[in-house]
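Peer 1:
Here it is, written out as structure tokens:
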């Protein structure tokens, strides 16, 4: 099976590499234009009318998930939700006072049954920016109003309209999430509720180890889902041990109507590119679907001598039979950066200097980072009965990275910087799989939804790291140096991981789903070896643990959900950032716990969620002088999340949130820092985003957009003596939809940091990161 899987991935990889002197991903664009043209010509042969509820951002229905009418229907968040007082869905046949409803929206083309996930994802909520439901690990798809954790599911429509370049750009809409790495960095890690999440731990269609270990491409992605909570229980053990928060990327699937979309892109100060998106369905009942996405961009950025190149090509196939559903996804991604923007460590003993002009760059023009990755994954589901589904998936990826550059340390309050130059190279081979069962089982007055899953992940990561020279520079007047001799690549140290787990959960509901009790547990085994070139091991872990989850949902009214949940996750401690001398090293396994209580209100067309949480996790810190990352006690974050989303009025869309966190340290060495504020944890984070469609008499087809991001001050150190100030970032935009010669066109223009604020964005994970400079983005999209 592995050989067959790699055959498809290898073809993509070799195709894009075979011409010397041409950037690898440029070949993806050439192929893209041919495919797009062919798809346009064939459009009339495969066209099909879009039925109501086709689902997807390409003409998907925009509807609230709705209150549940029972454990097997609207909980998936698909348009099957038929709350009291709503008109019947297309799946309801009304005979006088009698209605017969099909199972969970399964009668709608493209949507899976409640026990499945292969097909179109849950429908978008009112406004189209977020979905009314999403993947909740091995539990499958659930409505956000029936999920006892905080979850947000961002749509392809939002990604396209905001011209997002990375997962971090999408999650800038979430008040509980901030990036810990600067913009235009090859590594785009995030922080969720004050705890770091490594980009390597992003899941793809529910599986780890498939997307780019640094910065996944978004071109083939339909949804970016973020779960703030017990990810290790629901998704299995993440490769780098990020136990709080999971990002899941949902691949695009071909919709009922054919799609051929081409886009031209521009990003200041000189990056140009293009993208295409082609989807078709074939066969009896449109049983077979194909979706191909490709993109390439290259050029200068708003930061001095920082150039970037990025290309991606993805293929998504799916089959939907009467009882069998299959999907196959494969892709290739290339990233390269000249003088990539890195963050800094900071020596103790002085105040952190003010942020420099954000276009300045202390990195050297000869610095280079290159990452290539290919992946493939096969997923299958089979309905033994309408209420029992077997599911399984297996996938793998190969990645190669090579960084020749420097990491900086701020050495004084006047902005002096010391650059440690060197080379880091690595090759990753990862395999991931799962097998399980979901079933709906009525037992008298109690309905049960049972889910069982076994997961496996393994990786082999040879790497090489060496230092070269120390260079001196300044934040405010960067110095340039000639390039040093580049050390030979020699991958001699290897990290091997084997992560196995088994989980089971039961959702028992009574009173037509008004009271739901979730209980379950996971057994997780962890093996990891860090082998040294001279033989032996620097570290070896072979541990296992059982962790529980329990939750209660009470719905006193159809549109109001009250809940409480407790979950534990077993995983590695925090992962060392790129600036550490032990970069990518993970700390010993430990248990993370979270208690969350909250309320969710579906006002259709507006949704409101409120959550109170307490999270405990081992605390990892980067020692600034030695740059060694290690454990020092425990971190407890208590806080609340408030989110508002939807379309409160015609032509108005809102996406807003507020997160308050009190992060404290305990059990530190000698009690030195007990009670201190945890580094990198702002007391408040707030987002206010909105869109306004201008009236037709003023500018038909025009929409104004805006996003305000506020982040409170953060401490950099455990002693709470070094601090960065708060900041406010303003993003503005406008888009205009029109037709030219019968072709629908959309022009978009966005400005990030429109006010030109100079700020430090994050002090999380021991890394001081630049903010986003004023950046102009423009695109023109045509649908044929």
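Residue numbers (the numbering used here): 25 to 808. All C-beta atoms in this analysis are idealised placements derived from N, C-alpha and C, irrespective of residue type, glycine included. Only a predicted model underlies this, so the values are computations on that prediction, with no experimental measurement involved.
1. Does the Cβ-Cβ distance between residue 626 and residue 169 come in under 8 Å?
2. If you run the structure through DSSP and keep just helix, strand and coil, what is residue 346?
3. According to DSSP, simplified to helix, strand and coil, what is residue 721?
4. Can you list, in chain order, the residues of its chain whose CB lies under 7 Å from that of residue 724, leaving out five sequence neighbours each side?
5. Can you say whether residue 143 is buried or exposed, counting buried as having 16 or more other CB atoms within 10 angstroms of its CB?
6. Use the C-beta contact count for residue 443: other C-beta atoms within 10 angstroms, 16 or more gives buried, fewer gives exposed.
7. Is residue 185 buried or exposed, if buried means 16 or more other CB atoms sit within 10 Å of its CB?
8. Give the range of the alpha helix (DSSP H) segment to which residue 452 is assigned.
9. Answer yes or no: do residue 269 and residue 251 have a C-beta to C-beta separation smaller than 8 Å?
10. Would you decide whether residue 789 is buried or exposed? Buried here means 16 or more other CB atoms lie within 10 Å of its CB.
11. Tell me whether residue 159 sits in a helix, a strand or coil according to DSSP, three-state version.
12. Using three-state DSSP, classify residue 129 as helix, strand or coil.
13. Among residues of its own chain, excluding the 5 on either side of residue 36, which ones have a beta-carbon nearer than 6 Å to its beta-carbon?
14. For residue 721, count neighbouring C-beta atoms within 10 Å of its own C-beta (all shown protein chains included) and say buried if the count is 16 or more, exposed if not.
15. Does residue 757 come out as helix, strand or coil in the three-state DSSP assignment?
16. Three-state secondary structure (DSSP) at residue 628?
17. Check whether the Cβ atoms of residue 715 and residue 677 sit closer than 8 Å, and answer yes or no.
18. Residue range of the alpha helix (DSSP H) that residue 191 falls in?
19. Going by DSSP, what residues sit across from residue 486 in a beta bridge?
20. Given 8 Å as the limit, is there contact between the stretch 237-251 and the stretch 569-588, that is, 3 or more CB pairs closer than that?
21. Tell me the DSSP secondary structure of residue 691 in three-state form.
22. In the DSSP output, which residue or residues are listed as bridge partners for residue 771?
23. Could you check where the beta strand (DSSP E) with residue 395 kicks off and where it finishes?
24. Which one of 780, 747, 761 has the shortest CA to CA distance from residue 374?
25. Are the Cβ atoms of residue 330 and residue 342 separated by less than 8 Å?
26. Would you mind sorting residue 225 into buried or exposed? The rule is 16 or more other CB atoms within 10 Å of its CB.
27. Per DSSP, what kind of secondary structure is residue 184 in: helix, strand or coil?
28. If you draw a straight line from the alpha carbon of residue 511 to that of residue 618, how long is it in whole angstroms?
29. Roughly how many angstroms separate the alpha carbons of residue 461 and residue 499, rounded to a whole number?
30. Ignoring anything shorter than 3 residues, give me the beta strand (DSSP E) runs that lie fully in the stretch 213-259, in order along the chain.
31. So who's on the other strand from residue 420, going by DSSP bridges?
32. Quick one: using the 10 Å Cβ neighbour count with 16 as the cut-off for buried, is residue 579 buried or exposed?
33. Using DSSP with H/G/I as helix, E/B as strand and the rest coil, what is residue 789?
34. Considering residue 733, what are the terminal residues of the beta strand (DSSP E) in which it resides?
35. Spell out a yes or no on whether the stretch 434-448 and the stretch 469-479 are touching, meaning 3 or more CB-CB pairs, one atom from each, closer than 8 Å.
36. Let me check one thing: in DSSP terms, what residues is residue 367 bridge-paired to?
Peer 2: Let me spell this out:
1. Locating residue 626 in the chain shown gives position 602, counting from the first residue. Locating residue 169 in the chain shown gives position 145, counting from the first residue. Cβ atoms of residue 626 and residue 169: closer than 8 Å.
2. In the chain shown, residue 346 corresponds to position 322, counting from 1. Coil.
3. Indexing the chain shown from 1 puts residue 721 at position 697. Of the three classes helix, strand and coil, the one that applies to residue 721 here is helix, per DSSP.
4. To locate residue 724, count along the chain shown from 1; it is residue 700. Cβ within range, chain order: n/a, list empty.
5. As a working note, residue 143 is residue 119 in the chain shown. Its Cβ being crowded by 16 or more others within 10 Å, residue 143 is buried.
6. Numbered from 1 along the chain shown, position 419 holds the residue referred to as residue 443. Counting Cβ neighbours within 10 Å, residue 443 comes out buried, since at least 16 surround it.
7. Counting from one through the chain shown, the residue named residue 185 turns up at place 161. By the 10 Å Cβ count, residue 185 comes out buried.
8. On the chain shown, position 428 is the one that residue 452 refers to. Run containing residue 452: none in the alpha helix (DSSP H); it sits in the beta strand (DSSP E), 440-467.
9. Here residue 269 refers to the residue found at position 245 when the chain shown is read from its first residue. Here residue 251 refers to the residue found at position 227 when the chain shown is read from its first residue. Yes; because the gap between Cβ atoms is below 8 Å, this pair is in contact.
10. Along the chain shown, one-based indexing puts residue 789 at 765. Burial call: buried.
11. For this step, residue 159 is matched to residue 135 along the chain shown. Strand at residue 159.
12. As a first step, residue 129 must be located in the chain shown, where it is residue number 105. Bear in mind that the predicted position of residue 129 carries a pLDDT of just 43, short of 50, making it unreliable; the figure below should be weighed with that in mind. Note: residue 129 maps to helix in three-state DSSP.
13. Locating residue 36 in the chain shown gives position 12, where the first residue counts as 1. Unreliable positioning characterises residue 36 in this predicted model, as indicated by a pLDDT of 37, which lies under 50. A coordinate reading is not provided.
14. Counting from one through the chain shown, the residue named residue 721 turns up at place 697. Exposed is the call here.
15. If you number the chain shown from 1, residue 757 lands on position 733. Residue state, collapsed to three classes: strand.
16. Position 604 of the chain shown holds residue 628. Secondary structure of residue 628 (DSSP, three-state): coil.
17. As a first step, residue 715 must be located in the chain shown, where it is residue number 691. As a first step, residue 677 must be located in the chain shown, where it is residue number 653. Result yes, Cβ atoms of residue 715 and residue 677 sit closer than 8 Å.
18. To locate residue 191, count along the chain shown from 1; it is residue 167. Segment 191-195, the alpha helix (DSSP H) holding residue 191.
19. Stepping through the chain shown from its first residue, residue 486 is reached at position 462. Bridge partners of residue 486 according to DSSP: 518.
20. no
21. Indexing the chain shown from 1 puts residue 691 at position 667. Of the three classes helix, strand and coil, the one that applies to residue 691 here is coil, per DSSP.
22. The count along the chain shown starts at 1 and reaches residue 771 at position 747. Among the bridge pairs identified by DSSP, residue 771 is matched with 760, 804.
23. The residue given as residue 395 occupies position 371 in the chain shown. Counting along the chain, the unbroken beta strand (DSSP E) around residue 395 starts and ends at 392-409.
24. Counted from its first residue, the chain shown places residue 374 at position 350. Minimum Cα distance to residue 374 is reached at 747.
25. By one-based count along the chain shown, residue 330 stands at place 306. By one-based count along the chain shown, residue 342 stands at place 318. No.
26. On the chain shown, position 201 is the one that residue 225 refers to. It is buried - the Cβ of residue 225 has at least 16 other Cβ atoms within 10 Å.
27. Within the chain shown, numbered from 1, the residue matching residue 184 stands at position 160. Three-state DSSP puts residue 184 in a helix.
28. Indexing the chain shown from 1 puts residue 511 at position 487. Indexing the chain shown from 1 puts residue 618 at position 594. Residue 511 and residue 618: Cα-Cα distance of roughly 45 Å.
29. Taking the chain shown and counting its residues from 1, one reaches residue 461 at position 437. Taking the chain shown and counting its residues from 1, one reaches residue 499 at position 475. Roughly 55 Å between the two C-alpha positions.
30. 214-216, 219-221, 245-254
31. Numbered from its first residue, the chain shown carries residue 420 at position 396. DSSP output for residue 420 lists 400, 455 as bridge partner(s).
32. For the purposes of this step, residue 579 is identified with residue 555 of the chain shown, where counting begins at 1. With 16 or more Cβ atoms within 10 Å of its Cβ, residue 579 is classed as buried.
33. The sequence position of residue 789 within the chain shown is 765, counting from 1. Looking at residue 789 - three-state DSSP - the assignment turns out to be helix.
34. By one-based count along the chain shown, residue 733 stands at place 709. Taken as a continuous stretch (DSSP letters only), the beta strand (DSSP E) holding residue 733 covers 726-735.
35. no
36. For the purposes of this step, residue 367 is taken as the residue at position 343 of the chain shown. Answer is none; residue 367 lacks a bridge partner.
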